[in-house]
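Enquirer: Handing you this structure, nothing more for now.
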Amino acid sequence: MIRALIFIPVLFIFISLFNVTTASSKKAYIPLNQWTSQRVVSQALGDVLSNHGVQVEYINISVDEQWGALQRGKIHFQLEVWQPSMAQAFSQLTAKQAIVDMGLHDAKVTEDWWYPKYVEELCPELPHWRALITCKSLFVEKDSKGKGVYYAGPWDYNDADVIRALKLDFTINRSSGEMVLWKKLSKAIKQKKPIIILNWSPNWTDKHLSGRFIQFPAYAPECETKPEWGINKHLTRDCANPKDGWLKKAAWPGLKAYNPCVFQFVKTVNLSNEMIADAASFVITQNNTEHQAASLWMKKYQSQIVQWLSKTCLRG
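Reminder that position 119 of the sequence shown reads as 185 in my numbering, one-by-one numbering, no gaps.
Here it is as structure tokens:
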């Protein structure tokens with residue numbers, strides 16, 4: 067009888083340890099998107115998971131493709147869900163419980179048209195959006211047929227709708243990825259040439275370049291659905307993207323059951339503006355590889371990572 071009483075708690079401890087071990091050793095599939103901060107932070111925290119017994123596999127995937135992958139468990143979580151570009155898909159899928167809202171970060175985000183500060187010397191009306199009409203000639207390129215050029219990335223912000231609604235004589239030059247944008251920006255800065263480009267904050271430019279976002283009419287939800295709401299009474303999207311928007315995390319609905327320790331970790335991760343700007347800066351301005359940048363990021367934010375881990379069942 068005494069042996070049986072001793073055996074029961076020992077068995078309970080063994081089962082608990084077994085559950086933690088097997089849960090933490092299950093492979094985590096982590097998406098890598100098309101912008102640097104997301105890739106660096108994802109790899110840094112993937113390394114943290116690896117150091118705590120979790121097998122990790124990275125999946126290169128676009129923002130559009132990630133939503134279906136999250137629903138099916140082909141990827142397990144997304145650490146950077148940006149309100150300006152992803153709110154619609156995120157909100158629809160969480161409402162249907164097709165993905166899980168894993169909470170807010172402290173970081174506040176902006177994604178919109180941006181220019182280097184020196185452009186104001188040539189167009190003092192900036193940053194007001196009407197300067198894009200009065201100073202359009204500054205942004206005309208040889209092959210743009212008299213239109214101003216806005217350099218955008220591969221993501222859809224409904225910029226064509228903004229151009230139509232605000233009657234801007236601009237065309238969109240869409241690049242395949244952010245590095246193309248930064249090369250165009252670098253070349254323009256060296257020549258002190260006017261340029262309007264997609265940018266976002268937090269980003270490396272927050273720390274290393276002086277510039278401003280175009281001040282379009284302030285965003286409101288009605289701007290997206292009610293033509294009569296804004297300046298243009300016939301068209302929607304006559305406004306900016308959300309300013310100081312939210313940054314969230316998302317997960318596959320099966321993650322909590324599949325790997326509760328990873329689920330807990332993602333839930334506790336909380337990124338600041340500085341954390342995200344550093345992740346991009348370590349690559350863009352310091353010429354590190356993404357892997358090197360991830361190591362630098364882990365080192366700088368070690369104390370925060372330790373705090374996040376302390377709230378989970380992950381064991382080192």
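All residues carry an ideal CB built from backbone N, CA and C; glycine is no exception.
Since the model is a prediction, treat every value here as computed from it, not as a measurement.
(1) Decide if proline 260 is buried, meaning its Cβ has at least 16 other Cβ atoms within 10 Å, or exposed.
(2) Taking Cβ to Cβ, would you say leucine 111 is nearer than 8 Å to valine 335?
(3) Per DSSP, which residues does phenylalanine 279 bridge with? Please list them.
(4) Let me make sure I understand the geometry here. Which of Phe156, Val328, Trp363 and Asp209 has the alpha-carbon closest to that of leucine 380?
(5) Ignore the nearest five residues each way along the sequence and tell me which others in cysteine 201's own chain have a CB closer than 6 Å to its CB.
(6) Under a Cβ-count criterion, where at least 16 other Cβ atoms within 10 Å of its own Cβ denotes burial, should arginine 303 be classed as buried or exposed?
(7) Nearest to lysine 366 by CA position, among Thr237, Pro268, Asp344 and His357, is which residue?
(8) Can you name the residues that DSSP bridges to proline 97?
(9) What residues are listed by DSSP as bridge partners for tyrosine 217?
(10) Considering only residues of the same chain and omitting the five flanking positions on each side of lysine 183, which have a CB-CB separation below 7 Å?
(11) Taking leucine 170 as the reference, which of Gln149, Asp178, Lys162 and Glu177 has the closest Cα?
(12) What's the gap between the Cα of alanine 161 and the Cα of tyrosine 223?
(13) In the DSSP assignment, what are the bridge partners of lysine 174?
Expert: Let's see:
(1) buried
(2) yes
(3) In the DSSP assignment, phenylalanine 279 is bridged to Trp180.
(4) Residue Val328 is the option with its Cα nearest to leucine 380.
(5) Listed in chain order, the non-local C-beta contacts of cysteine 201 below 6 Å within the same chain comprise Cys189, local neighbours out to five positions each way being set aside.
(6) buried
(7) Asp344
(8) DSSP lists Ile125 as partners of proline 97.
(9) Asn239 and Ile263
(10) Ser276, Gly277 and Arg278
(11) Gln149
(12) 22 Å
(13) Trp312
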